[in-house]
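Data first, discussion second: the structure below is written as structure tokens.
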Amino acid sequence: MVRKPKTVSTILVAYDEPLQAAETIAEIIASGLIPTIMEYIDVDTMNCILEKFDFPFFKKGNSAVLVELDGNAKQVRSDTQQIEKICRNHSPSFYRQTNSEQTREKLWEVRRSISPALEELFLKKISEDVCVPPSKLPQLVRGTKELAAKYDVTIASFGHAGDGNLHVNFLSNRDSGPERRKIKRAVGELFDMTLALRGTISGEHGVGITKREFFKKQIRPPELKLMKSLKRAFDPRGILNPGKIWEE
């Protein structure tokens, strides 16, 4: 059991420039600070939120970061001051910090509104969960926007930026063969981009069947051989999740 922290500091900050939020996150990580939570919201995600919900402190075109720190009061206060300095160095359009539980819940409403907004606005949502070193997050975000333009598809990204985990959502209101094939190609390029940034094709969701063909690009043959030998040791008859991650 972990004791409830004595002090919690919550920060919500927004920027007018698309990459400023991702750059802020990279700088916070580089500083050596380790927030309890650091959530990223990109421009397209914010635009979707504001289509369905009213958050007057934001406007369309914003990207945002939600940061949370907890612990003893002195350390939390010091870390909050350092993070505020980093955030303000990137010229935010909105900055709010609170130690109040009531205000904290209001700030968290922004993050919690993402999935409902995307599900209401789009017929199809393909959600990937790539992960890169946090220092590479700005490059990954830039790359997703280039993919969106190349394939003429809406890509809304958000996620647990403290560990470089980004939920990249390919969104469409067309459910046709050509549209599905187009998005599949875009997803493949996302994975290639992620691996080029020394990342992984899945931070949380796992490989399963749908990412199996891309998993081969991520690991070397000796690593795959070792994984298969471990699987055989625990599952000599191959009855546990056959066909997942690799073909049996």
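In my numbering, each residue's number is its place in the sequence shown (first place is 1) plus 1. C-beta atoms are modelled at their ideal positions from N, C-alpha and C, and glycine is treated no differently. Everything numeric in this text was worked out from a predicted model, so none of it was measured.
Look at the Cβ atom of K60, then the Cβ atom of N48, and state whether they are nearer than 7 Å. no
Shortest alpha-carbon distance to I30 belongs to which of P57, P19, G72, Q83? Q83
Cross-strand partners of T155 (DSSP beta bridge): L172
How would you call N63, buried or exposed, if buried means at least 16 neighbouring beta carbons within 10 angstroms? buried
Residue closest to K7, alpha-carbon to alpha-carbon, out of G178, R78, V169: R78
Check whether the region 165-185 and the region 87-106 touch, using three or more Cβ-Cβ pairs below 8 Å as the test. no
Taking the beta strand (DSSP E) that F95 falls in, what are its first and last residues? 95-99
Hey, is the region 187-197 in contact with the region 133-152, meaning 3+ C-beta pairs nearer than 8 Å? yes
Counterpart residues of L34 in DSSP-defined beta bridges: Note: L34 sits in no beta bridge, so no partner.
Can you tell me where the alpha helix (DSSP H) with V188 in it begins and where it stops? 178-197
With a threshold of 16 other CB atoms inside 10 Å of the CB of S158, please say whether the residue is buried or exposed. buried
Quick check: the Cα distance between S101 and D17, rounded to an integer number of angstroms? 26 Å
On the premise that E40 lies in contact with L67, defined as a C-beta separation below 8 Å, what is that separation, rounded to the nearest angstrom? 4 Å
To the nearest angstrom, report how far apart R233 and P223 are at their CA atoms. 15 Å
For K1 and M194, I'd like the C-alpha separation in whole angstroms. It is not possible to answer for residue 1, since the shown part of the chain is limited to 2 through 249.
In this structure, does DSSP put E121 in helix, strand or coil? helix
Extent of the continuous beta strand (DSSP E) run through V66: 64-72
Would you mind stating whether L119 and K126 have Cβ atoms separated by less than 7 Å? yes
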